[in-house]
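Each remark here refers to the structure printed beneath this line.
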Amino acid sequence: MTHAVVGHGRLARALVPALRAAGEVVVVGRRSPGAGEFLPVDAARAADWVWLTVPDDHIAATAASLPWRPGQLALHCSGATPLAALAPAPAAAGFHPLKLLAGDTGLAGVHVGIEADAAHRPVLEALARALGLLPLVLPSPMSAQARAAYHAAANLAASGVLAVLAEAQALWEAAGLAPEQALPALAPLSRGALDTALARGLAGAVSGPIARGDAGVLTRHLDALAAAGLDADLLLALARRQLALAEAAGRLDAAQIAALRASLAAR
Ligand SMILES: NC(=O)c1ccc[n+]([C@@H]2O[C@H](COP(=O)([O-])OP(=O)(O)OC[C@H]3O[C@@H](n4cnc5c(N)ncnc54)[C@H](OP(=O)(O)O)[C@@H]3O)[C@@H](O)[C@H]2O)c1
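Mapped onto my numbering, the consecutive letters of the sequence shown carry residue numbers 3 to 269.
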């Protein structure tokens, strides 16, 4: 079987070597092909599976520009794009690695969201394993709304964490610490919390004043933000969700929950 990978960006630079290392035959399709590469239409003609590794907003137009024939499978690697974008192809599947790829990292070791019909799912799951990926079966078909929610979750888990750390860094600066000290000192806390969550679940891992029912400390945190002129929206939103986790863990009594709720409601 021959694969065409159309669009040679960050995802393709990880996918193409991984496919080749797994023994697959791969041709690369590019708008301006270099040595040993092809125009997208020529790469697609030569292939059984055609991977459209172009920016999400260009998947549909690229699919519409290719000369499909019966038996071919079109794939995209987008988290946010419904398979309807691949409608010009005879069959379509999604293969979305849950990893930030900057062009210098491999694919292996993470989950890959697979949306495929019953005929293609087993072979895609087998390919995922051959690439060192863990198959994550997505609903099929997956609506545009479900795709958007799934992708929003992935973005929250990746860049959302960066936004939380940026907020933490701003608080350290407000406390008079040098900002360059923040990330090296705080990131291990994030890693530790994630490691604990993987072992014990989210509710089992939550710690800090909210998990301890320490409403006085929570109030002092919020007062400190107000005194520094910082927006407390993110801290408040996260505090409410931590309280829900602590309640789910059954670690707080009714009086502690009431005190924490009162502390949050006062803002
Ligand atoms: N990067 C990640 O972390 C990551 C992770 C998971 C999934 N994905 C998904 O992988 C797909 C590719 O993302 P990427 O990060 O590799 O993007 P990218 O680095 O921007 O590369 C996309 C490639 O598509 C081609 N291209 C650019 N503009 C185009 C246009 N207007 N029309 C047609 N082709 C165009 C270019 O290749 P040529 O110059 O070779 O034509 C470009 O290098 C997306 O669906 C994305 O959601 C990315």
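Virtual Cβ for every residue (Gly too), placed ideally from N, Cα, C.
None of the values given here were measured: they were computed from a predicted structure.
Contact set for Glu-127: own chain, Cβ-Cβ below 8 Å, skip 5 residues either direction | Along the sequence shown, one-based indexing puts residue 127 at 125. If you ignore the 5 residues before and after Glu-127, its C-beta comes within less than 8 Å of the C-beta of Ile-116, Pro-137, Val-139, all in its own chain and listed in chain order.
Inter-residue CB distance, Gly-31 and Ala-45 (contact presumed, cutoff 8 Å) | Against the sequence shown, residue 31 aligns to sequence position 29. Against the sequence shown, residue 45 aligns to sequence position 43. Between Ala-45 and Gly-31 the Cβ distance is about 3 Å, and since that is below 8 Å, they are a contact.
Just how far apart, CA to CA, sit Leu-102 and Ala-151?
-> Start at 1 with the first residue of the sequence shown, and residue 102 comes out as number 100. Start at 1 with the first residue of the sequence shown, and residue 151 comes out as number 149. Each residue's Cα considered, the two are about 18 Å apart.
Selection from Gly-252, Gln-258, Ala-24 that minimises the alpha carbon distance to Leu-135 = For this step, residue 135 is matched to residue 133 along the sequence shown. Nearest of Gly-252, Gln-258, Ala-24 to Leu-135, Cα basis: Ala-24.
Rounded to a whole number of angstroms, what is the C-alpha to C-alpha distance between Arg-47 and Ser-80?
-> Locating residue 47 in the sequence shown gives position 45, where the first residue counts as 1. Locating residue 80 in the sequence shown gives position 78, where the first residue counts as 1. Going from the Cα of Arg-47 to the Cα of Ser-80 covers about 22 Å.
Would you be able to state if there are at least three C-beta pairs under 8 Å between the stretch 166-173 and the stretch 224-244?
-> yes
Between the C-alpha atoms of Glu-182 and Ala-160, what's the straight-line distance to the nearest angstrom?
-> Along the sequence shown, one-based indexing puts residue 182 at 180. Along the sequence shown, one-based indexing puts residue 160 at 158. Rounded to whole angstroms, Glu-182 to Ala-160 spans 21 Å at the Cα level.
Identify the continuous beta strand (DSSP E) that holds Gly-194 and give its terminal residues.
-> Translated into positions along the sequence shown, residue 194 becomes position 192. Here Gly-194 belongs to no beta strand (DSSP E); instead the alpha helix (DSSP H) covers 181-202.
Identify the residues that DSSP records as bridge partners of Gly-96: which are they?
-> Residue mapping note: residue 96 aligns to position 94 of the sequence shown, counting from 1. Its beta-bridge partners are His-78, Glu-117.
Inter-residue spacing [alpha-carbon to alpha-carbon] between Arg-33 and Leu-88 = Here residue 33 is taken as the residue at index 31 of the sequence shown, counted from 1. Here residue 88 is taken as the residue at index 86 of the sequence shown, counted from 1. Taking the straight line from one Cα to the other gives about 19 Å.
Could you give the DSSP three-state label for Thr-107: helix, strand or coil?
-> Taking the sequence shown and counting its residues from 1, one reaches residue 107 at position 105. Coil at Thr-107, not helix or strand.
Thr-83 - DSSP class collapsed to helix/strand/coil = Here residue 83 corresponds to residue number 81 of the sequence shown, with the count starting at 1. Coil.
Count the other CB atoms within 10 Å of the CB of Ser-265; is the residue buried (16 or more) or exposed (fewer)?
-> Residue 265 sits at position 263 when you count from the first residue of the sequence shown. That one is buried.
What do you reckon, is the C-beta of Gly-203 under 7 Å from a heavy atom of ligand 1?
-> For this step, residue 203 is matched to residue 201 along the sequence shown. Ligand 1 has no heavy atom closer than 7 Å to the beta-carbon of Gly-203.
With distances taken from CA atoms, which of Ser-145, Val-219, Ala-261, Gln-244 is nearest Gly-206?
-> As a working mapping, residue 206 is identified with position 204 in the sequence shown. With respect to the C-alpha of Gly-206, the residue from Ser-145, Val-219, Ala-261, Gln-244 having the closest C-alpha is Gln-244.
Spatially closest choice to Asp-58 from Ala-82, Phe-97, Pro-35, Asp-119, by CA coordinates | Against the sequence shown, residue 58 aligns to sequence position 56. Shortest Cα-Cα distance from Asp-58 to any of Ala-82, Phe-97, Pro-35, Asp-119 involves Ala-82.
Cβ of Ala-14 within 7 Å of any heavy atom in ligand 1?
-> The residue given as residue 14 occupies position 12 in the sequence shown. For Ala-14, the distance from the CB to the nearest heavy atom of ligand 1 is below 7 Å.
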